[in-house]
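**Q**
Numbering (my numbering), first residue to last: 123 to 747.
#1: Would you report the Cα separation of residue 692 and residue 674, rounded to the nearest angstrom?
#2: Could you compute how far the alpha carbon of residue 426 sits from the alpha carbon of residue 460?
#3: Measure the alpha-carbon distance for residue 408 versus residue 417 and round it to whole angstroms.
#4: Classify residue 157 as buried or exposed, calling it buried when 16 or more other Cβ atoms lie within 10 Å of its own Cβ.
#5: Using the Cβ count rule (16 or more neighbours within 10 Å means buried), how would you classify residue 580?
#6: Around the C-beta of residue 711, are 16 or more other C-beta atoms found within 10 angstroms, so that it is buried, or is it exposed?
#7: Identify, in the order they occur along the chain, each residue of the same chain with its Cβ nearer than 8 Å to the Cβ of residue 312, setting aside the five sequence neighbours on each side.
#8: If I measure Cβ to Cβ from residue 728 and keep anything under 8 Å in the same chain, skipping five residues before and after, which residues do I get?
#9: If the criterion is Cβ atoms closer than 7 Å, does the pair residue 387 and residue 315 meet it?
#10: Under three-state DSSP, which class holds residue 589?
#11: With a Cβ-Cβ cutoff of 7 Å, do residue 328 and residue 285 count as a contact?
#12: To the nearest angstrom, report how far apart residue 445 and residue 637 are at their CA atoms.
#13: Report yes or no: do three or more beta-carbon pairs, one from the segment 364-380 and one from the segment 286-299, lie closer than 8 Å?
#14: Tell me which residue opens and which closes the beta strand (DSSP E) that residue 656 is part of.
#15: Considering only C-alpha positions, which residue in the set 645, 635, 634 is nearest to residue 628?
#16: Residue 532 by DSSP, collapsed to three states: which one?
#17: So residue 297 is in the beta strand (DSSP E); what residue range does that whole segment cover?
#18: Which residues in the same chain as residue 704 place their Cβ atom closer than 6 Å to its Cβ, once the five residues preceding and following it in sequence are excluded?
#19: Going by CA-CA distance only, name the one from 550, 456, 730 that's closest to residue 420.
#20: Would you call residue 310 buried or exposed, if buried means 16 or more other Cβ atoms sit within 10 Å of its Cβ?
#21: Are the beta-carbon atoms belonging to residue 573 and residue 585 less than 7 Å from one another?
#22: Would you mind working out which of 608, 615, 676, 441 sits nearest residue 647, comparing C-alpha positions?
#23: Would you list the residues sitting across from residue 292 in a DSSP beta bridge?
#24: Expressed to the nearest angstrom, what Euclidean distance is found between the alpha-carbon atoms of residue 437 and residue 424?
#25: Which whole-angstrom value is the C-beta distance of residue 508 and residue 501, which I expect to be below 8 Å?
#26: Taking 8 Å as the cut-off, does the segment 250-261 touch the segment 738-747 (at least 3 CB pairs, one atom from each stretch)?
#27: If we count the other Cβ atoms within 10 Å of its Cβ and call it buried at 16 or more, is residue 411 buried or exposed?
#28: Do the CB positions of residue 544 and residue 531 come within less than 7 Å of each other?
#29: Does the beta-carbon distance from residue 523 to residue 470 come in below 7 Å?
#30: Fully enclosed by the segment 662-736, which beta strand (DSSP E) runs are 3 residues long or longer?
#31: Pick out whichever of 330, 326, 443, 299 has its Cα sitting closest to the Cα of residue 290.
#32: Could you tell me if residue 326 is buried or exposed, where buried requires 16 or more neighbouring beta carbons within 10 angstroms of its beta carbon?
#33: Please say whether residue 559 and residue 610 have beta carbons closer to each other than 7 Å?
#34: Kindly list the residues whose CB is nearer than 8 Å to the CB of residue 477, restricted to its own chain and excluding five residues on each side of it in sequence; keep chain order.
#35: Comparing C-alpha positions only, which one of 720, 587, 298, 533 sits nearest to residue 665?
#36: Would you mind sorting residue 690 into buried or exposed? The rule is 16 or more other CB atoms within 10 Å of its CB.
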């Protein structure tokens, strides 16, 4: 018999016994209810004795039942009458903290910042102005944090008006400056491949023709007999332009075309904990309206590595080559540079020391008499020292450097688009600067400095009067002089509030010259002030002024490179260029703007005889997506 059957029989026996005892108790209770207490006690004893021997017969099995349960729908109302008010007692036993351990610096986390500095996918700024002007700046860029980027751009500025030349005659003075190009970039974990292809087209009008003042005595080099310099009739004849001189806009036009491209591959040199390298090349083909063409190429290789956590060593190598073609007579210029540099940043000190070694080989007739500029080696020291003992508030610095600057045709035309000379001696510069810089939070920064520059064959310009070249002051030749220049200045940038900002700078230059009386076209003092005010980020107002002290300009009557020329020096007075701008942002993507320049209607001369625009205004729209 299994355990389950045994358990069932035991349970059944217990139930039967309980039922029998209950019935017997009921019978005894009913009979004894009417008897006296004494009799009841005696009977109880007899009954108990008889019950022990009673026999019971079960005729059927017991069927237990469970009454249906009913839920009481009464919710108790509990009232807590006990309110606890605990009391706490604190006790601190002071004890010194043992900090006798050395802190090991942990390398800062590096972030590929370029992945987060993506430009807006589309930026466009288009405007028209008075006198007739046009402006267009359009940029397209892919966005996102991808490893690749592609972009395209278009820049244009044009001006079409008549301006007074040196004789006070209104002459067509149109000019346009245009750039178009595409660029791309591909990134890997450490390396970057980038490239760019573009075309530049600039057109200017040589409207600044004039002859010297007929009342002014002229040097013999100007083609007038020295014995008749005071003869008004002679000077007036010289003052008249020949009939062969074309004064139309097309006759005075000059244009430059540049086709350029570049490609580079390597590290970004932002983290020198591992070995860095970078290699690249860029090239350009440059020509003008008169088929004077030049090809230029620049190739470089950079290496760098950090040692011991704070010692950085870099090496820059570069080759520059400029090759004259067609009307430039095959003149060429080659510069090879090797520049090692050691950099140390330890605590409050930032120190670097190096040298630039440059070898220059060129084929250039310096004085048109067959003498060729010889190959030469140049050494330029590189030294910087900064000490930051105040967390950026007050940082004194010392800087020494130098360079050999190529004065090829493209470089000269970028300095002065009215230049007639295609080549000039290269400029060798040595520079030294001392000063103090710092910032007080992100709202205010400053820089106060002084410097000394020694430049051999410094390039400036002189208006050229050579009738054989159809040049009546509207072409420029290059002046080369050895100049020592000392400079003092200060820069300031601040944000007085979240809405108001200010930028200002002043600079004074003093000169010591070797060949000429003045440095042509360079003012002694310049100052600039720019103000910006933002109204709830919807309206942006800007205003400012640029001041230039008086300047001396040189006029020459013959090719300057042949010998020391006889020059006439003319002075232009102090000028102040006042400007104002307003921009209203219709939305985050759309805005309109208004820009006014030369609001004081000053006679501004970027080059002598070339007066700039008077009061002029530009108005347009800006799109940012």
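C-beta: ideal position from N, C-alpha, C; glycine also.
All of these numbers come straight from a predicted model, not from anything done at the bench.
**A** By the coordinates alone:
#1: The count along the chain shown starts at 1 and reaches residue 692 at position 570. The count along the chain shown starts at 1 and reaches residue 674 at position 552. Going from the Cα of residue 692 to the Cα of residue 674 covers about 6 Å.
#2: Residue numbering aside, residue 426 sits at position 304 when the chain shown is read from its first letter. Residue numbering aside, residue 460 sits at position 338 when the chain shown is read from its first letter. Residue 426 and residue 460: Cα-Cα distance of roughly 14 Å.
#3: Mapped onto the chain shown, residue 408 falls at position 286. Mapped onto the chain shown, residue 417 falls at position 295. Each residue's Cα considered, the two are about 6 Å apart.
#4: The residue labelled residue 157 in the question sits at position 35 within the chain shown. Here the model assigns residue 157 a pLDDT of 47, short of 50, so the residue's position is not dependable, and the following value carries that caveat. Residue 157 should be labelled exposed.
#5: In the chain shown, counting from the first residue as 1, residue 580 sits at position 458. The residue is buried, with at least 16 neighbouring Cβ atoms inside 10 Å.
#6: In the chain shown, residue 711 corresponds to position 589, counting from 1. Exposed: under 16 other Cβ atoms inside 10 Å.
#7: Looking up residue 312 in the chain shown gives position 190. Cβ neighbours of residue 312 beyond the five flanking positions: 389, 396.
#8: Start at 1 with the first residue of the chain shown, and residue 728 comes out as number 606. If we look at residue 728 and ignore the five residues flanking it on each side, its Cβ neighbours are 734.
#9: As a first step, residue 387 must be located in the chain shown, where it is residue number 265. As a first step, residue 315 must be located in the chain shown, where it is residue number 193. In this structure, residue 315 lies closer than 7 Å to residue 387 by Cβ.
#10: Position 467 of the chain shown, counted from the first residue, corresponds to residue 589. Helix.
#11: Within the chain shown, the letter at position 206 stands for residue 328. Within the chain shown, the letter at position 163 stands for residue 285. Not closer than 7 Å, so no.
#12: Along the chain shown, read from residue 1 onward, the residue named residue 445 stands at position 323. Along the chain shown, read from residue 1 onward, the residue named residue 637 stands at position 515. For residue 445 and residue 637, the distance between alpha carbons rounds to 30 Å.
#13: They touch, by the three-pair rule.
#14: Translated into the one-based positions of the chain shown, residue 656 becomes position 534. Element bounds for residue 656: 647-657.
#15: For the purposes of this step, residue 628 is taken as the residue at position 506 of the chain shown. The shortest C-alpha separation from residue 628 is found at 645.
#16: Working through the chain shown from its first residue, we reach residue 532 at position 410. Three-state DSSP puts residue 532 in a helix.
#17: As a first step, residue 297 must be located in the chain shown, where it is residue number 175. Per DSSP, residue 297 belongs to the beta strand (DSSP E) from 297-309.
#18: Residue mapping note: residue 704 aligns to position 582 of the chain shown, counting from 1. So the list reads 663, 716, once near-sequence residues are dropped.
#19: The sequence position of residue 420 within the chain shown is 298, counting from 1. Considering only alpha carbons, the answer is 456.
#20: As a first step, residue 310 must be located in the chain shown, where it is residue number 188. Under this definition residue 310 is an exposed residue.
#21: In the chain shown, counting from the first residue as 1, residue 573 sits at position 451. In the chain shown, counting from the first residue as 1, residue 585 sits at position 463. Contact flag unset, no.
#22: In the chain shown, residue 647 corresponds to position 525, counting from 1. Of the listed residues, the one whose Cα sits closest to residue 647 is 608.
#23: Indexing the chain shown from 1 puts residue 292 at position 170. Partner(s): 286.
#24: In the chain shown, residue 437 corresponds to position 315, counting from 1. In the chain shown, residue 424 corresponds to position 302, counting from 1. When only Cα atoms are considered, residue 437 and residue 424 end up about 6 Å apart.
#25: As a working note, residue 508 is residue 386 in the chain shown. As a working note, residue 501 is residue 379 in the chain shown. That belief does not hold up - the Cβ atoms of residue 508 and residue 501 are roughly 24 Å apart, past 8 Å.
#26: yes
#27: Looking up residue 411 in the chain shown gives position 289. Exposed: under 16 other Cβ atoms inside 10 Å.
#28: Here residue 544 refers to the residue found at position 422 when the chain shown is read from its first residue. Here residue 531 refers to the residue found at position 409 when the chain shown is read from its first residue. Taking 7 Å as the Cβ cut-off, residue 544 and residue 531 qualify as a contacting pair.
#29: Position 401 of the chain shown, counted from the start, is the residue given in the question as residue 523. Position 348 of the chain shown, counted from the start, is the residue given in the question as residue 470. Their beta carbons are not under 7 Å apart, which means residue 523 does not touch residue 470 by this criterion.
#30: 673-678, 689-694, 697-707, 712-719
#31: Reading the chain shown from its first residue, position 168 is the one you call residue 290. Ranking the options by Cα distance to residue 290, first place goes to 330.
#32: Working through the chain shown from its first residue, we reach residue 326 at position 204. Counting Cβ neighbours within 10 Å, residue 326 comes out buried, since at least 16 surround it.
#33: Reading the chain shown from its first residue, position 488 is the one you call residue 610. Reading the chain shown from its first residue, position 437 is the one you call residue 559. No, they are not a contact pair.
#34: Against the chain shown, residue 477 aligns to sequence position 355. Here residue 477 has 461, 462, 501, 502, 503, 504 as same chain residues with Cβ atoms under 8 Å from its own Cβ, once five neighbours each way along the sequence are excluded.
#35: The sequence position of residue 665 within the chain shown is 543, counting from 1. Residue 720 is the option with its Cα nearest to residue 665.
#36: Translated into the one-based positions of the chain shown, residue 690 becomes position 568. With 16 or more other Cβ atoms within 10 Å, it is buried.
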